[in-house]
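Visitor: Numbering follows the numbering used here, in which position 16 of the sequence shown is assigned residue number 16; successive positions increment by one, without gaps.
Virtual Cβ for every residue (Gly too), placed ideally from N, Cα, C.
Because the structure is a prediction, the values reported are computed rather than measured.
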Amino acid sequence: MSATEDPHTAPASSSASAQTAAKIDLLISLHLHSWPVLTLATQNNWGGPTSNDKRDWFAGAISELFSNGDVIDVGDLEEVLIQVMLDEFEVVVDDDSPAEVAASIFKGRQRILQGDYSEVDQMLARWEEKQKKGPERLPFKMVEEDDDGQETEWESSVSDEDDIVMDEAPQLVHATGQEKPAPEIDEDGFTKVVGKKKR
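(1) Straight-line CA distance for residue 132 to residue 30?
(2) Quick one: what's got a C-beta closer than 6 Å to residue 123's C-beta in the same chain, skipping five residues either side?
(3) Excluding five sequence neighbours on each side, which residues of the same chain lie with their C-beta closer than 8 Å to the C-beta of residue 73?
(4) Classify residue 102 as buried or exposed, calling it buried when 16 or more other Cβ atoms lie within 10 Å of its own Cβ.
(5) Excluding the 5 residues flanking residue 45 on each side, which residues of the same chain have their C-beta closer than 7 Å to its C-beta?
(6) Starting from residue 60, follow the alpha helix (DSSP H) in both directions and report where the run begins and ends.
(7) Whole angstroms are fine: how far does the CA of residue 35 sit from the CA of residue 158?
(8) For residue 191, write down the residues that DSSP places opposite it in a beta bridge.
(9) Which of the three DSSP states, helix, strand or coil, is assigned to residue 118?
(10) What are the boundary residues of the alpha helix (DSSP H) that residue 79 is part of?
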């Protein structure tokens, strides 16, 4: 400690920076927990049985990128969000949500760095209120590519209300027409293949 440094202000700034870091971590975690794409992936275990743990790891990894200075702008963070969703959850995110989440995290982080914790505190209050109501199951539409490169859509929802009620299948009716000729067997005991025109 230098002679000009006040020993009473050093711990205060250290605790303030610890509080700021904790608020940034909370902000990142809350944004990831409220991102519908990631919520759907964790609810359906698309990242495997440890999907919830992966989401927590994801928040920590983003926080670490900020503290290391690896994230320069919103575009960098958006790329990280898209890449982790693909690598860890096998989800191709083709909407604008990664850009929106990245921008929200950046703006919220700037406010926290300026000492304004109101946004993250409000987000936490909303999240806690949602948790009291119980987890929300999100319906999803799955889009897969066929072998032809065509996209097919599959919709899923939690309830079975949209099931189609089917009647019994009609009885099969034997076709009337020509009777098939008996197979021809040659002198060696093999069945002779006869073309359709020769029948």
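Guide: According to the structure shown:
(1) Approximately 16 Å between the Cα atoms of the pair.
(2) Excluding the 5 residues flanking it on each side, residue 123 has same chain C-beta neighbours closer than 6 Å at 30, in chain order.
(3) Cβ neighbours of residue 73 beyond the five flanking positions: 106.
(4) Within a 10 Å sphere around the beta-carbon of residue 102 sit 16 or more other beta-carbons, which makes this residue buried.
(5) If the five residues before and after residue 45 are omitted, its C-beta is found closer than 7 Å to the C-beta atoms of 51, all from its own chain and listed in chain order.
(6) Counting along the chain, residue 60 sits inside the alpha helix (DSSP H) bounded by residues 51 to 68.
(7) Because the pLDDT of residue 158 is 47, which lies under 50, any placement of that residue in the model is unreliable, and the question is left without a value.
(8) As DSSP reads the structure, residue 191 sits in a beta bridge with 185.
(9) Three-state result, residue 118: helix.
(10) DSSP places residue 79 inside the alpha helix (DSSP H), whose first and last residues are 74 to 89.
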